[in-house]
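Here our numbering runs 33 ahead of the position in the sequence shown, where the first position is 1.
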Amino acid sequence: MKRLIPWCVAAALAGVALAQPPAAAWSETPQQRDARMAWWRDARFGIFIHWGVYSRLEGKWDGKEVDGVGEWILETGKIPASKYVAEAKAFDPKAYDPQAWAQVFADSGAKYVVITSRHHDGFCLWDSAVSDFDVMGVAAKRDLLAPLKSAVEARGMKFGLYYSIMDWTHKDWPGRRAWNDLWRGPTAHEPDPAAFEAYINAQIKEIAKAYDPAVVWFDGEWEDAWTRDQGARVQRLVRDTLPNAIVNDRCVKARPGMRTRAAREAAPGEDVGDCGTPEQEVPRKALPDVDWETCMTMNDTWGFKASDTNFKTTRELIRTLVDVSSKGGNFLLNVGPDGQGRIPDESVRRLVGVGEWLAINGEAIYGTRAGPLGKLPYGRTTQRPGVVYVHVFDWPSDGKLPVPGLRNKVKNVRMAGSPQAKVSTQVTEDMLWISVPPQPPDADATVLALEIEGPAQVTAAAVEKLVEGTIVLKASAAKLAGDRLALERRDGEQDNIGFWTDPKAAAAWPAVAIASAGLYDVSLNLSCVDSAAGNDFVVEIGDQELRGTTKTTGSWEEFERVNLGRVKLDAGTIAVRVRAAGQVRFALMNLQDVRLTPVKGTR
Ligand code: FHN
């Protein structure tokens, strides 16, 4: 059971003055930020580790499987906290070998490692002066973080710490659970938010001093028990204590995705963290002016769960790393070691596989930025000055790879992994055709390095032609009917139809030529803000119709492609029309285009 530590002692330990004059707001110049973020932006690939006393339970309690992810077993199993804490005493990872862990991570090609210092259950993987529920209170009786830090850094990787705001077993967590029986009876105690904040401050100071983490990965911030003001104060403490650290967007409750919050709500100069943190997903498109990192499990759980054998393939992991990199993000891939300190063999095999791919293709990932061509039907692109990397997932059966819309002169094409391979190119109207061998050197992803003159310049429209027969109905070609509906012209962007407030308004393309009969996927490139989301709309395609409901894309300026479904069309000329399906709350959408994309093999 946790020792009752008077909160003023915790505050004193934290060196936190009980009341202090407001300090000047934290700030840094764009140059200072770029210098601080540089290693992280170049790293592209990191390892996430979820490890704690829950790992020993393997997803089971009282011999029964507990639903949900392994690290949430206390919550989802509604286990009496006193029993959970008592059970934890046996945690003593005899097989824990930080050197072996670090070697696996280095072999995977990862450039940084982030491990859970304390997850939501409150167990600390270090000796904390403000908590008894830590490594010294269980059989381990040793610091589990320091040896990993030195092993990771000895191999040239950065060491980071995950830290949960939420603490299910702490006496002062205001979101106390009914099954937290630690603070009833003789130990009865009312949660004290100020004391909880002092506890967080004390622990932040401890881990900063002991481990000087290059990354502070906050989590567990979403409940009302933690306020944005508290988050701002702790964020400021981290900035003052660890001025070079990368801090994510969660302490200050800025997720989902920093751009949305920063664009919509953040006050000028507000510190909303250094990177957005999409979880278990990859954003649909690059967010050019935002640093972000997708974190993802290898199976379906963060913390070890013996029954979870649903591991992604190495190919999926490589392609996710490519997809994330092509959109300018980092990929933080999770491992969940078991209670003895063993990383599951399934995870090790996949990390080795990713590392083997990076050993050949790392040039196309490390130090690159979002690709100029976005999502190609057969792959992705990344870039660095003077080189565009084309990552090919689906190899052309006819040996001719179409690279659309690249306006630069291509001086040379190299095939990573097969430097001797002869690769010839031919340019037609706005398509670069690359003749490639019948078989790809790497079926997971083969990289072609296109050495170009000058910064990459792209004809965006050309990408659309890539899928032969794609029909793009642009806003500027639409016939508009209805009050206020109008074409909006945007510098450097595609025009869009806007001011769609009239429920009777419609955008129509009265004569669309369908050259070949077959199945077509219908999609809209649209934008919508939170406050207008939820309006129903109809897309009429000839005598068929598809329906949709708008969802937020973050702002009227952020467009996302929405797939509506599939229609079977005959050759001929049809009309296409977009209209509201009823009342319009605020505004229906901004619409850049409607696209009819032929489904391969159905024409
Ligand atoms: O609740 C946690 C979860 O256990 C895990 O740590 C993930 C990893 O990002 N974060 C929280 C869910 O968003």
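We put the CB at the ideal spot given by N, CA and C, even for glycine.
Just so it is clear, the structure is predicted and the values come from calculations on it, not from any experiment.
Would you tell me roughly how many angstroms separate the C-alpha atoms of residue i and residue j, rounded to the nearest one?
{"i": "Q577", "j": "N363", "result": "42 Å"}
{"i": "W72", "j": "E314", "result": "23 Å"}
{"i": "E303", "j": "W59", "result": "9 Å"}
{"i": "Q416", "j": "R348", "result": "21 Å"}
{"i": "I237", "j": "V271", "result": "7 Å"}
{"i": "T202", "j": "W390", "result": "43 Å"}
{"i": "R297", "j": "F78", "result": "Only weak support is given to the placement of R297: the predicted model assigns it a pLDDT of 47, under 50, and the value that follows is read from those uncertain coordinates. The alpha-carbon atoms of R297 and F78 are separated by roughly 29 Å."}
{"i": "V185", "j": "E223", "result": "41 Å"}
{"i": "K601", "j": "R610", "result": "16 Å"}
{"i": "A495", "j": "L434", "result": "Its pLDDT being 48, under 50, A495 is placed unreliably by the model, and nothing is read from it."}
{"i": "S197", "j": "S150", "result": "8 Å"}
{"i": "K116", "j": "P131", "result": "29 Å"}
{"i": "F192", "j": "L178", "result": "10 Å"}
{"i": "T331", "j": "N596", "result": "In the sequence on display, residue 331 carries Met and not Thr. Each residue's Cα considered, the two are about 27 Å apart."}
{"i": "D225", "j": "W206", "result": "7 Å"}
{"i": "A319", "j": "R175", "result": "43 Å"}
{"i": "V118", "j": "P536", "result": "59 Å"}
{"i": "P437", "j": "G96", "result": "57 Å"}
{"i": "Q453", "j": "A476", "result": "18 Å"}
{"i": "N11", "j": "K93", "result": "Absent from the structure is residue 11, since the part of the chain shown begins at 34 and ends at 636."}
Using a Cβ-Cβ cut-off of 7 Å (strictly less than) and excluding sequence neighbours within five positions of residue i, which residues of its own chain qualify?
{"i": "P474", "result": "M448, G450 and S451"}
{"i": "G264", "result": "E254, C284, V285 and K286"}
{"i": "D100", "result": "T109"}
{"i": "G400", "result": "D75 and R417"}
{"i": "F166", "result": "K35, V118, G155, F156, C157 and T202"}
Am I right that residue i and residue j are in contact with their C-beta atoms under 8 Å? What's the rounded C-beta distance?
{"i": "W589", "j": "N623", "result": "5 Å"}
{"i": "Y411", "j": "D431", "result": "Actually they do not touch by this definition, with Cβ atoms about 12 Å apart."}
{"i": "I279", "j": "D262", "result": "Rounded, the Cβ-Cβ distance is 23 Å, inconsistent with contact."}
Residue i by DSSP, collapsed to three states: which one?
{"i": "A227", "result": "helix"}
{"i": "V491", "result": "strand"}
{"i": "M622", "result": "coil"}
{"i": "G598", "result": "strand"}
{"i": "P276", "result": "coil"}
{"i": "W94", "result": "strand"}
{"i": "P207", "result": "coil"}
{"i": "Q453", "result": "coil"}
{"i": "M291", "result": "Model confidence at M291 stands at a pLDDT of 48, short of 50, so the residue's coordinates are unreliable and nothing is read from them."}
{"i": "A539", "result": "strand"}
{"i": "P131", "result": "helix"}
{"i": "K122", "result": "coil"}
{"i": "P631", "result": "strand"}
{"i": "A114", "result": "helix"}
{"i": "D140", "result": "helix"}
{"i": "V617", "result": "coil"}
{"i": "M70", "result": "helix"}
{"i": "I467", "result": "strand"}
{"i": "S588", "result": "coil"}
{"i": "T330", "result": "coil"}
{"i": "R151", "result": "strand"}
{"i": "R348", "result": "helix"}
So, at 8 Å on beta carbons, what are the nonlocal neighbours of residue i in its own chain, with the 5 sequence-adjacent residues on each side left out?
{"i": "T503", "result": "E497, R628, L629, T630 and P631"}
{"i": "T458", "result": "V443, V446, L465, W466, I467 and S468"}
{"i": "A604", "result": "I547, A548, S549 and A550"}
{"i": "E484", "result": "G419, V420, V443, K444, N445, V446 and R447"}
{"i": "A489", "result": "P405, Q416, V421, L439 and N441"}
Just to confirm my understanding: we take residue i, look at its own chain, exclude 5 residues before and 5 after, and list those with CB closer than 6 Å. What are they?
{"i": "A76", "result": "K144 and Y145"}
{"i": "R612", "result": "A539 and V571"}
{"i": "V267", "result": "I233 and C284"}
{"i": "I82", "result": "I148 and V368"}
{"i": "T274", "result": "A241"}
{"i": "M169", "result": "D160"}
{"i": "P113", "result": "W212 and D214"}
{"i": "N394", "result": "A449 and V480"}
{"i": "A123", "result": "A172"}
{"i": "I398", "result": "R77 and S358"}
{"i": "L552", "result": "R599, K601, V632 and T635"}
{"i": "K111", "result": "W212"}
Short check: CB of residue i to CB of residue j, under 8 Å?
{"i": "K126", "j": "G374", "result": "Checking the sequence shown, residue 126 turns out to be Pro, not Lys. In this structure, G374 lies closer than 8 Å to P126 by Cβ."}
{"i": "D528", "j": "L518", "result": "no"}
{"i": "V102", "j": "W335", "result": "yes"}
{"i": "A235", "j": "V163", "result": "yes"}
{"i": "M329", "j": "L384", "result": "no"}
{"i": "E256", "j": "G208", "result": "yes"}
{"i": "D626", "j": "K507", "result": "yes"}
{"i": "T606", "j": "A565", "result": "no"}
{"i": "T585", "j": "F592", "result": "no"}
Examine chain C for any beta-carbon lying closer than 8 Å to the beta-carbon of residue i, and answer yes or no.
{"i": "Q490", "result": "Protein chains in the displayed structure number just one, and chain C is not present."}
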